[in-house]
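Novice: One structure coming up, written as structure tokens, with questions to follow.
Protein chains: 2
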Amino acid sequence: MTATDKPGIDLGIIGFGKIARDQHRAALDASPVFRLAATVDPVNRAEGVEAFADLDSFLRQMPQVQAVALCTPPQVRFAVARQALLAGKHVLLEKPPGTTVSEVMTLERIACDQGRVLFTAWHSQFAPGIPGAKAWLADKRITGLTVTWREDVRRWHPGQDWIFAPGGTGVFDPGINAYSILTHILPVALYTTQAELEFPENRDTPIAARLKMLSEEGAPVDLDFDFRETGVQTWDMRIETDRGVLELSQGGATVIIDGQAIASESSLSGEYDRIYARFAQLIQRGESDVDLAPFRHVADAMMLGRRIQTAGFAW
Amino acid sequence: MTATDKPGIDLGIIGFGKIARDQHRAALDASPVFRLAATVDPVNRAEGVEAFADLDSFLRQMPQVQAVALCTPPQVRFAVARQALLAGKHVLLEKPPGTTVSEVMTLERIACDQGRVLFTAWHSQFAPGIPGAKAWLADKRITGLTVTWREDVRRWHPGQDWIFAPGGTGVFDPGINAYSILTHILPVALYTTQAELEFPENRDTPIAARLKMLSEEGAPVDLDFDFRETGVQTWDMRIETDRGVLELSQGGATVIIDGQAIASESSLSGEYDRIYARFAQLIQRGESDVDLAPFRHVADAMMLGRRIQTAGFAW
Numbered sequence: 001m002t003a004t005d006k007p008g009i010d011l012g013i014i015g016f017g018k019i020a021r022d023q024h025r026a027a028l029d030a031s032p033v034f035r036l037a038a039t040v041d042p043v044n045r046a047e048g049v050e051a052f053a054d055l056d057s058f059l060r061q062m063p064q065v066q067a068v069a070l071c072t073p074p075q076v077r078f079a080v081a082r083q084a085l086l087a088g089k090h091v092l093l094e095k096p097p098g099t100t101v102s103e104v105m106t107l108e109r110i111a112c113d114q115g116r117v118l119f120t121a122w123h124s125q126f127a128p129g130i131p132g133a134k135a136w137l138a139d140k141r142i143t144g145l146t147v148t149w150r151e152d153v154r155r156w157h158p159g160q161d162w163i164f165a166p167g168g169t170g171v172f173d174p175g176i177n178a179y180s181i182l183t184h185i186l187p188v189a190l191y192t193t194q195a196e197l198e199f200p201e202n203r204d205t206p207i208a209a210r211l212k213m214l215s216e217e218g219a220p221v222d223l224d225f226d227f228r229e230t231g232v233q234t235w236d237m238r239i240e241t242d243r244g245v246l247e248l249s250q251g252g253a254t255v256i257i258d259g260q261a262i263a264s265e266s267s268l269s270g271e272y273d274r275i276y277a278r279f280a281q282l283i284q285r286g287e288s289d290v291d292l293a294p295f296r297h298v299a300d301a302m303m304l305g306r307r308i309q310t311a312g313f314a315w
Numbered sequence: 001m002t003a004t005d006k007p008g009i010d011l012g013i014i015g016f017g018k019i020a021r022d023q024h025r026a027a028l029d030a031s032p033v034f035r036l037a038a039t040v041d042p043v044n045r046a047e048g049v050e051a052f053a054d055l056d057s058f059l060r061q062m063p064q065v066q067a068v069a070l071c072t073p074p075q076v077r078f079a080v081a082r083q084a085l086l087a088g089k090h091v092l093l094e095k096p097p098g099t100t101v102s103e104v105m106t107l108e109r110i111a112c113d114q115g116r117v118l119f120t121a122w123h124s125q126f127a128p129g130i131p132g133a134k135a136w137l138a139d140k141r142i143t144g145l146t147v148t149w150r151e152d153v154r155r156w157h158p159g160q161d162w163i164f165a166p167g168g169t170g171v172f173d174p175g176i177n178a179y180s181i182l183t184h185i186l187p188v189a190l191y192t193t194q195a196e197l198e199f200p201e202n203r204d205t206p207i208a209a210r211l212k213m214l215s216e217e218g219a220p221v222d223l224d225f226d227f228r229e230t231g232v233q234t235w236d237m238r239i240e241t242d243r244g245v246l247e248l249s250q251g252g253a254t255v256i257i258d259g260q261a262i263a264s265e266s267s268l269s270g271e272y273d274r275i276y277a278r279f280a281q282l283i284q285r286g287e288s289d290v291d292l293a294p295f296r297h298v299a300d301a302m303m304l305g306r307r308i309q310t311a312g313f314a315w
């Protein structure tokens, strides 16, 4: 089925960078509902799809497009999302949804006023092992938790200077995926009690963070986020409960409970298919889904954290 | 009327430091509803009032006390507030209400589960000029705004090291008073777009901050927070609208609209009387009042801000 003969919802991708090319494009091609109608990006474009260099031209020339996915760096997200909502589009926000919690709350209100859907898409919440993990944890008491999220920024974000610019959140860009899993699957709230943030001397966001949180009932939570891991790439959690241990790895592709695998996918490739299925469902119901809990944990850690200066970073 | 023969609600102050002695004590003595029944503090005590060195003893020995005011440094606020709520007390939180937004949201849920009142008291919202300012602004369009909040930390927080420790928020401790006024009186939401944070090389929180915000409609907002002001102490705002200018000074004691004073108190001394009147009203109605908008702006600024190292600070 080609873009032009597929029935459903026309969608534009705004910001056709790495995540849009690596994930959104394929998910839209496979979607039974959405049709990629245009890209908006000053540099990049998708072959065979209408391309616009700026938002104004896109909004003016393709008024029939009903929805947009925002895949720009977070620093420009608010202004673009606001303009799209005011132009009557449903809006999907890639993670993180902006640069401040307050601006996303403002978008939520604008979406509500406009009768349009706003969806903060946290892709890790759509990883293969997540529904099973959430269901198993629902009636357990958490007694301890460790999170190890270590990756090589040069490999996963090559040359993406925005990540180290104010508002880019540095190592919390992957770390927020861990938060988005925790806030989604745990039956209790967590809050940060201590954070050590390593800032490269020539950058404005942390390259590593060691954090302590507590569950509401006092269970200890240790988190290790690091952007300098050139060895084994690790996105793991170990959740101890009163009745067994849950081990999540590869960002949620694999989940093992007391030694038994309940999910063991080799990759996370279905995440974006499920994101677009959820977006379609939200549009059909006329409901927004604005989940700010993961982003609030980043803001809390940055407010509470002790800053440590470390070696300068260069690509 | 003495503490013992006044009818009404028995209240304990937890953390009998500077703000408790300077403000809460007198407001409680003057309150027609509350009776100061105890203080809980390892060092300080109020003459003629039961004194406890620790929370456990207080909760065990004075179970009849219905409400507590938490005036400890924010770093221990959550654990104390949780314990007090679980013991069935109504809880007033001095500002800032904690060290993270997430922990205060957890307290809100505990208060709800327990059927007890939680009140985040932002004293500047109770300044004399605030109701008039809010009423006048309600139907105006904001076109520009400047905030100048400059004070001498050595004068107002002598020796209070907690303010420069992680979770103490530094210059945002007074700055949050400005945020609490803005979020209360303005008819539009603001969000932070830029922040420069000056961290003393030997401290963990900023001593000065220059911030830019925008109103949802794009009006520019400039904020200047500084803890190093040894000259004139300034807590001023200038709010330009489509129909006139509002000038607020002395933290809300004075408000002038187009050159005409609508409030011109010489001090802010009524703030805490009104805070306790509000707390009494909330308890009577069984309603919580948890306003997180001011605190969220601090977290946002700390997440988004560019850090600049500046000279070390000593008392």
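Chains as they are written, first to last, in our numbering: chain D, 1 to 315; chain V, 1 to 315. Where is the CB? At the ideal position from N, CA and C, for every residue including glycine.
Please specify which runs of the beta strand (DSSP E), each continuous and at least 3 residues long, are wholly inside the stretch 252 to 310 of chain D, giving them in chain order.
Specialist: 254 to 257, 260 to 264, 306 to 310
Novice: If you draw a straight line from the alpha carbon of V40 (chain D) to that of P96 (chain D), how long is it in whole angstroms?
Specialist: Looking at the two C-alpha atoms, the distance is approximately 19 Å.
Novice: From the beta carbon of M237 (chain V), is the nearest beta carbon of chain D less than 8 Å away?
Specialist: no
Novice: How would you call E198 (chain D), buried or exposed, if buried means at least 16 neighbouring beta carbons within 10 angstroms?
Specialist: buried
Novice: Considering only residues of the same chain and omitting the five flanking positions on each side of D242 (chain V), which have a CB-CB separation below 7 Å?
Specialist: K140, R141, T143, listed in sequence order.
Novice: For I207 (chain D) and V117 (chain D), I'd like the C-alpha separation in whole angstroms.
Specialist: Cα to Cα, I207 (chain D) sits roughly 34 Å from V117 (chain D).
Novice: 8 Å is my cut-off, CB to CB: does E103 (chain D) come that close to chain C?
Specialist: Of the protein chains in this structure, namely D and V, none is chain C.
Novice: For L59 (chain V) and Y276 (chain V), what's the separation of their Cα atoms in angstroms?
Specialist: 22 Å
Novice: Whose CA, out of D:A111, D:P174, D:G167, lies closest to the CA of R155 (chain D)?
Specialist: D:P174
Novice: Return the residue from the list V:G218, V:M303, V:T192 that minimises the CA-CA distance to A316 (chain D).
Specialist: The requested residue 316 (chain D) does not occur in the structure, where chain D is confined to residues 1 to 315.
Novice: Per DSSP, which one or two residues make a beta bridge with Y191 (chain V)?
Specialist: For Y191 (chain V), which the question treats as bridged, DSSP gives the partners V:L214.
Novice: Alpha carbon to alpha carbon, how far is E50 (chain V) from I9 (chain V)? Give it in angstroms, no decimals.
Specialist: 15 Å
Novice: Is the beta carbon of V171 (chain D) less than 8 Å from the beta carbon of D226 (chain D)?
Specialist: yes
Novice: Pull up the CB-CB distance for Q114 (chain V) and L86 (chain V), whole angstroms please, since I reckon it's below 8 Å.
Specialist: Contact between Q114 (chain V) and L86 (chain V) holds: CB atoms are separated by about 7 Å, below the 8 Å threshold.
Novice: Decide if W162 (chain D) is buried, meaning its Cβ has at least 16 other Cβ atoms within 10 Å, or exposed.
Specialist: buried
Novice: What does the Cβ neighbour count give for S266 (chain V), buried or exposed, with the cut at 16 atoms within 10 Å?
Specialist: exposed
Novice: What would DSSP say about A3 (chain D), mapped onto helix, strand or coil?
Specialist: At A3 (chain D), the pLDDT of 48 sits below 50, so the modelled position is not reliable; the number obtained from the coordinates is stated separately. A3 (chain D) falls in the coil class under three-state DSSP.
Novice: Residues bridged to L118 (chain D) by DSSP?
Specialist: D:V91
Novice: Could you tell me whether the Cβ atoms of E196 (chain V) and G305 (chain V) are closer together than 8 Å?
Specialist: yes
Novice: For Q64 (chain V), which option in V:V104, V:K89, V:T192, V:P73 has the closest C-alpha, if you only look at C-alpha atoms?
Specialist: A check of alpha carbon separations from Q64 (chain V) across V:V104, V:K89, V:T192, V:P73 identifies V:K89 as the nearest.
Novice: Tell me the DSSP secondary structure of R243 (chain V) in three-state form.
Specialist: coil
Novice: Is the beta carbon of R45 (chain V) sitting closer than 8 Å to the one on F16 (chain V)?
Specialist: yes
Novice: Contact between the stretch 291 to 298 of chain V and the stretch 120 to 130 of chain V: three or more CB pairs below 8 Å?
Specialist: yes
Novice: Considering only the alpha carbon of each residue, which of D:T72, D:A26, D:D29, D:E216 lies closest to V43 (chain D)?
Specialist: Closest in C-alpha terms to V43 (chain D), from the list D:T72, D:A26, D:D29, D:E216, comes D:T72.
Novice: Return the CA-CA distance between I181 (chain V) and G312 (chain V), expressed in angstroms with no decimal places.
Specialist: 31 Å
Novice: Enumerate in chain order the residues of its own chain whose CB-to-CB distance from T146 (chain V) is below 6 Å, with the five nearest sequence positions on each side excluded.
Specialist: Counting only Cβ-Cβ distances below 6 Å, and skipping sequence neighbours, we find D222, R238.
Novice: Would you list, in chain order, the members of the stretch 149 to 183 of chain D that have their beta-carbon closer than 8 Å to a beta-carbon of chain V?
Specialist: P166, G167, T169
Novice: Cα-Cα, which of V:A299, V:Y272, V:Q309 is closest to I19 (chain V)?
Specialist: Out of V:A299, V:Y272, V:Q309, V:Y272 has the C-alpha closest to the C-alpha of I19 (chain V).
Novice: So with CB distances below 9 Å, who are the chain D contacts of A189 (chain V)?
Specialist: Using a Cβ-Cβ cut-off of 9 Å, A189 (chain V) is close to S102, E103, M105, T106, R109 of chain D, given in chain order.
Novice: Helix, strand or coil: which one does DSSP assign to P174 (chain D)?
Specialist: In the structure shown, P174 (chain D) adopts helical secondary structure according to DSSP, grouped into three states.
Novice: Nearest chain D C-beta to M1 (chain V) closer than 8 Å, yes or no?
Specialist: Reliability of the predicted coordinates at M1 (chain V) is poor, the pLDDT of 42 falling under 50, and no value is obtained from them.
Novice: Could you tell me the alpha carbon to alpha carbon distance between Y191 (chain V) and M213 (chain V), rounded to whole angstroms?
Specialist: 5 Å
Novice: Within the 8 Å Cβ cut-off, does V221 (chain D) reach chain V?
Specialist: no
Novice: Which value, in whole angstroms, describes the spacing of the CA atoms of Q309 (chain D) and T99 (chain D)?
Specialist: 22 Å
Novice: CB-CB under 7 Å to I257 (chain V), same chain, minus the five flanking residues each way: which ones, in chain order?
Specialist: W136, G244, L246
Novice: Is the separation between the beta-carbon of I176 (chain V) and that of V298 (chain V) shorter than 8 Å?
Specialist: yes
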